[in-house]
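For reference, the structure is listed below as structure tokens.
Dropping the structure here:
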């Protein structure tokens with residue numbers, strides 16, 4: 334059994350115990366629900382691996398902060414689903430659909446506080462550093478969501494703006510999970526920051542891959558229908574890059590598809606993919622992904638720690654990237 | 334100048350500096366807005382007074398946690414306004430009206446994180462205790478809001494349930510503000526807990542008074558039209574007590590007015606007030622208020638500290654209660 338598998342079991346146990354039978358039900362049932370519909374628990378696992386990389390004997394001390402990071406992630410899902418009016422998550426109705434908006438708002442609030450409650454259980458000596466990182470990251474995730482919402486109504490988004498948005502919305506939390514573990518594991522500042530960068534860059538590569546897979550992926554491997562982002566005009570790296578690099582006429586055609594209200598799903602996907610091909614956005618995205626991926630691995634080497642866990646983290650990053658190979 | 338006046342000035346300065354010119358605007362402008370529309374800053378002031386009661390030289394160290402408590406309070410107002418669909422606050426449009434729901438949700442989230450960021454600036458040695466208190470209180474405030482929303486659709490609420498709701502929704506935060514200051518001021522556990530109880534009980538008395546003033550208050554002194562709670566069927570201590578104590582026929586009349594859709598505002602206020610009078614709820618409420626008030630003062634004596642600041646806290650409680658004398 335890999336080290337991370339043992340961690341995952343502990344995480345699941347704490348997660349299910351947090352709100353069990355807690356009153357008032359109206360506040361805690363939605364929390365229980367969103368935690369029960371799954372998720373790979375990548376973030377708490379990274380936190381515990383980040384600790385184990387430097388000191389396995391301290392991993393117990395980062396179990397609660399690790400769970401706190403997973404709670405925070407699920408809080409963002411819960412509130413994002415209201416803001417994005419998403420009706421389904423992991424094939425289940427979202428909280429604001431199963432209950433209502435006000436219940437989803439308040440349960441999300443409670444979940445963020447529960448997250449803080451768990452993170453606060455970090456060893457007292459590490460608490461200022463752990464919380465400073467957590468606070469900074471949490472506010473960055475909100476900023477990322479704000480940029481994401483703002484992009485919905487804009488077309489003049491540069492590639493850099495998009496990358497900054499996904500860095501804030503997705504990547505920094507992965508970095509923070511690893512660094513939290515590293516801090517509790519007693520890593521030096523340089524090492525824990527290198528591990529943070531490993532997580533951030535791997536997260537960037539992963540998110541770019543997600544955009545890429547939606548268009549160029551293998552439907553079975555990807556796990557959802559191809560072209561979903563194209564159908565809903567999601568501002569992905571591919572769309573933004575194509576829009577910014579296509580010549581005038583092709584850009585107009587792209588806009589035509591973005592504005593068209595009645596269309597055949599497959600027609601739109603095919604037409605937009607053709608424009609993406611003209612703009613060679615697949616190559617651009619893959620090149621960038623590879624850059625982030627190799628940079629992530631460089632940071633990982635620099636982070637030091639034990640070979641056993643570093644190998645596991647390397648494998649983890651490799652598996653994340655393997656979906657499109 | 335009273336000690337609290339100097340505190341208030343410092344609080345205002347930090348509050349206005351927190352989100353000034355911060356990007357993205359869409360996230361921080363609503364925060365700036367809700368902080369700018371006023372409020373008496375009672376909570377941060379209580380925090381600083383709670384510290385000064387034991388050690389004036391440490392009050393600087395609780396300025397940021399004090400501001401964090403005010404941010405948290407304003408975060409709850411922002412999200413409560415969405416949940417309660419309130420359109421106005423302090424004579425200004427609420428955030429979700431001036432912007433929209435999703436903006437109000439996300440700005441509220443950011444505000445809670447900013448609150449934690451400020452509270453985290455408590456001296457490292459006090460941090461575990463301060464945060465444990467803050468976490469517990471924050472989750473209690475959410476529980477209180479959940480009970481309050483739940484009560485909207487129920488009539489079978491006991492007086493005790495109502496008191497527990499206002500304790501959670503309003504009183505505990507006042508207690509926590511004082512105790513946070515006391516902890517940073519170096520008070521003993523017994524003293525800081527006594528101060529917490531002073532704040533809680535004063536808060537209970539204050540909230541009961543607020544219910545009472547809506548019906549029996551002097552319009553000019555109260556600052557808003559009399560009978561507002563009656564018109565919207567707000568579940569106040571008076572309504573719940575009357576409903577639970579009136580004989581069958583009178584209770585039916587009360588229900589008649591609660592269910593009536595078309596009515597003359599003054600007719601409803603007069604009719605319901607007559608029923609309140611029959612049930613003698615004014616006496617019941619005033620008796621309970623006085624009990625909480627005297628208990629609060631007992632706790633304050635027990636909390637010790639310097640005479641100067643204890644007197645100021647006593648005066649503060651007296652002024653809060655003076656509105657109905």
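Chains as they are written, first to last, in the working numbering: chain U, 334 to 658; chain C, 334 to 658.
Don't be surprised by glycine CBs; every beta carbon is placed ideally from N, CA and C.
The beta carbon of residue 416 of chain C sits closer than 8 Å to some beta carbon of chain U.
Within its own chain, the residues whose Cβ lies closer than 6 Å to the Cβ of residue 507 of chain U, once the five positions on either side in sequence are excluded, are 532 and 536, listed in chain order. Of U/490, U/366 and U/614, the smallest CA-CA separation from residue 575 of chain U is found for U/614. Interface criterion not met: the Cβ of residue 382 of chain U is under 8 Å from no Cβ in chain C. Approximately 14 Å separates the beta-carbon atoms of residue 377 of chain C and residue 463 of chain C; this is outside 8 Å, ruling out the contact. Our two residues, residue 341 of chain U and residue 515 of chain U, have alpha carbons roughly 18 Å apart in a direct line. Under the 8 Å Cβ criterion, the region 388-403 of chain U counts as touching the region 339-354 of chain U, having at least three qualifying pairs. By the CB criterion at 8 Å, residue 439 of chain C and residue 416 of chain U fall inside the cutoff. Taking residue 645 of chain U as the centre and dropping the five residues before and after it, the same chain places the C-beta of 335, 336, 337 and 382 closer than 8 Å to its C-beta, in chain order.
Among the residues facing chain C, residue 449 of chain U is included, as its CB has a counterpart in that chain under 8 Å away.
Note on residue 421 of chain U: under 16 other CB atoms within 10 angstroms of its CB, so exposed under the neighbour-count rule. Counting only the Cα atoms, residue 601 of chain C lies some 11 Å from residue 586 of chain C.
Following the DSSP letters along the chain, one finds residue 624 of chain C inside the alpha helix (DSSP H) bounded by residues 614-636. No Cβ-Cβ contact shorter than 8 Å links residue 364 of chain C with residue 482 of chain C.
Between residue 388 of chain U and residue 518 of chain U, the gap from beta carbon to beta carbon is short of 8 Å. Residue pairing of residue 425 of chain C in beta bridges, as defined by DSSP: C/422. If you draw a straight line from the Cα of residue 408 of chain U to the Cα of residue 471 of chain C, it comes to about 15 Å. Chain U has no Cβ within less than 8 Å of the Cβ of residue 562 of chain C. Here residue 588 of chain C is exposed, its C-beta having fewer than 16 other C-beta atoms within 10 Å. Around the beta-carbon of residue 487 of chain C, fewer than 16 other beta-carbon atoms lie within 10 Å, marking it exposed. Distance between residue 418 of chain U and residue 343 of chain C, taken at the CA atoms: about 41 Å. What residue 508 of chain C touches in chain U, judged by beta-carbon distance under 7 Å, is nothing: the nearest beta carbon there is about 17 Å away.
If you look at residue 579 of chain U, you'll find it isn't in any alpha helix (DSSP H); DSSP assigns it neither H nor E. Leaving aside the five residues that flank residue 534 of chain C on each side, the residues in its chain whose CB is nearer than 7 Å to its CB run, in chain order, 625, 628, 629 and 632. Chain C has a Cβ within less than 8 Å of the Cβ of residue 412 of chain U. Rounded to whole angstroms, the Cβ separation of residue 357 of chain C and residue 460 of chain U is 30 Å, and the two are not in contact under 8 Å.
Cβ proximity to chain U below 9 Å picks out nothing from the region 494-527 of chain C. The continuous alpha helix (DSSP H) containing residue 474 of chain C extends over residues 460-485.
Using a CB distance below 7 Å, the part of the region 456-476 of chain C facing chain U consists of 457, 460, 461, 464, 465, 468, 471, 472, 475 and 476, ordered along the chain. Taking C-beta atoms as the reference points, residue 423 of chain U and residue 359 of chain U fail to come closer than 8 Å.
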